[in-house]
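*Asks:*
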Amino acid sequence: MFKVEEKSSDSIFIEMNADTANIEMITELIMDFSSRFISEEQAYKMGVAVDEAVTNIIMYAYSSDPEKVIFLHLFKKHDEIAIQIENFGPKFTPPVIVEKKKFSFDKLEEGGLGLYLMQEFMDELRFLYDFQVCKNILVMKKYLIG
Amino acid sequence: MGLQTEKKGDIVIIYLQGRLDVHKSLEVEQDINEIIEKGEKNIIFNLKELSYLSSSGLRVFIATLRKLKEINGLLKIAEIQANVAKIFKIVEFDDIFEMYNTTEEALKSF
Numbered sequence: 000m001f002k003v004e005e006k007s008s009d010s011i012f013i014e015m016n017a018d019t020a021n022i023e024m025i026t027e028l029i030m031d032f033s034s035r036f037i038s039e040e041q042a043y044k045m046g047v048a049v050d051e052a053v054t055n056i057i058m059y060a061y062s063s064d065p066e067k068v069i070f071l072h073l074f075k076k077h078d079e080i081a082i083q084i085e086n087f088g089p090k091f092t093p094p095v096i097v098e099k100k101k102f103s104f105d106k107l108e109e110g111g112l113g114l115y116l117m118q119e120f121m122d123e124l125r126f127l128y129d130f131q132v133c134k135n136i137l138v139m140k141k142y143l144i145g
Numbered sequence: 000m001g002l003q004t005e006k007k008g009d010i011v012i013i014y015l016q017g018r019l020d021v022h023k024s025l026e027v028e029q030d031i032n033e034i035i036e037k038g039e040k041n042i043i044f045n046l047k048e049l050s051y052l053s054s055s056g057l058r059v060f061i062a063t064l065r066k067l068k069e070i071n072g073l074l075k076i077a078e079i080q081a082n083v084a085k086i087f088k089i090v091e092f093d094d095i096f097e098m099y100n101t102t103e104e105a106l107k108s109f
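The listed protein sequences correspond, in order, to chains A and B.
So in numbering that gives the first Met the number 0, the last spot in the first sequence is 145, and the numbers never skip.
So in numbering that gives the first Met the number 0, the last spot in the second sequence is 109, and the numbers never skip.
#1: Let me check understanding here. Comparing Cα to Cα, which of THR102/B, VAL90/B, PHE96/B lies closest to LEU114/A?
#2: So the beta strand (DSSP E) VAL97/B belongs to, where does it begin and stop?
#3: Am I right that VAL49/A and ILE29/A are in contact with their C-beta atoms under 8 Å? What's the rounded C-beta distance?
#4: Can you say whether ILE56/A is buried or exposed, counting buried as having 16 or more other CB atoms within 10 angstroms of its CB?
#5: Have a look at the DSSP bridge pairing and note the partners of HIS72/A.
#6: Does MET98/B pass the burial test, meaning 16 or more other C-beta atoms within 10 Å, or should it be called exposed?
#7: Use the C-beta contact count for ASP20/B: other C-beta atoms within 10 angstroms, 16 or more gives buried, fewer gives exposed.
#8: Using 8 Å as the Cβ pair cut-off and three pairs as the minimum, do the stretch 94-109 of chain B and the stretch 33-47 of chain B touch?
#9: Residues of chain B with CB under 9 Å from GLU119/A, in chain order?
#10: Could you spell out where the beta strand (DSSP E) holding GLU4/A opens and where it closes?
#11: Would DSSP call LYS141/A helix, strand or coil?
#12: In this structure, how does DSSP classify LEU2/B when only helix, strand and coil are distinguished?
#13: Locate the alpha helix (DSSP H) running through ALA52/A, then write down its first and last residues.
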């Protein structure tokens, strides 16, 4: 399942199964939407960042169970493009900052490389948890100025 | 999936195409492993047609390099595209891999 609802030219809701087969569609959608507002290079980076976030959810939060569902809201507001990604996996506590020195030839931490790319490619990352409904919420932003 | 390959003496050129994300990387890695298990130890990845790379794809490159080092083999990269090169650069893997502008240059480097 991969459902897209375009509320307006600057707001898209996506509901998708946690299936790696959906990664290409979500990446292309993010790049297509973002390139309306930012350069193709920046849109590419945003696509990779969302790929990494969704991949981590599929692999780690949902243990590759394709029946699980991920919700995304992509929108442009004022001077930023934001994407909110929600999942109902175990509460995720991210490292404060992912350090580059971890990525050596001999040792690659699971998920760490993806988190690092997200951090490098986006201007803002916020990991939240809604205790009322047991939901992880990741908000990533790219600023349109500066 | 099956990889497009070309043999030049004792060197195998592997042409990676399209996307290398989490969905594709496992299959590609298995195909590469089969090539190494058949006895090939000198490999060039031609990335002219590789348009997209995520961290899952990066792991394929690292895993291949590790395997080849274990058997005293060599891995070179040729014709990497700008967007993909940025991914290598941002994690500083461009220091780990030998990169060449053309496949000919990569072939001569062995």
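Idealized CB from N, CA, C, for every residue including glycine.
Computed from a predicted model, the values in this text were never measured in an experiment.
*Replies:* The short version:
#1: Considering only THR102/B, VAL90/B, PHE96/B, the residue with the shortest C-alpha distance to LEU114/A is VAL90/B.
#2: Residue 97/B is actually Glu in this sequence, not Val. Note, GLU97/B: beta strand (DSSP E), 97-99.
#3: Right, the Cβ-Cβ distance comes to about 5 Å (below 8 Å), so this counts as a contact.
#4: Buried: at least 16 other Cβ atoms inside 10 Å.
#5: Beta-bridge partners assigned by DSSP to HIS72/A: PHE12/A, GLN83/A.
#6: Of the other Cβ atoms in all chains shown, 16 or more fall within 10 Å of the Cβ of MET98/B; this residue is therefore buried.
#7: It is buried - the Cβ of ASP20/B has at least 16 other Cβ atoms within 10 Å.
#8: Cβ pair count under 8 Å is three or more, so yes.
#9: Within 9 Å Cβ-Cβ: ILE89, VAL90.
#10: For GLU4/A, the enclosing beta strand (DSSP E) starts and ends at 1-7.
#11: The answer is strand: DSSP assigns LYS141/A an E or B state.
#12: For LEU2/B, the three-state secondary structure derived from DSSP is coil.
#13: It spans 39-55 - the alpha helix (DSSP H) in which ALA52/A sits, taken as one unbroken run.
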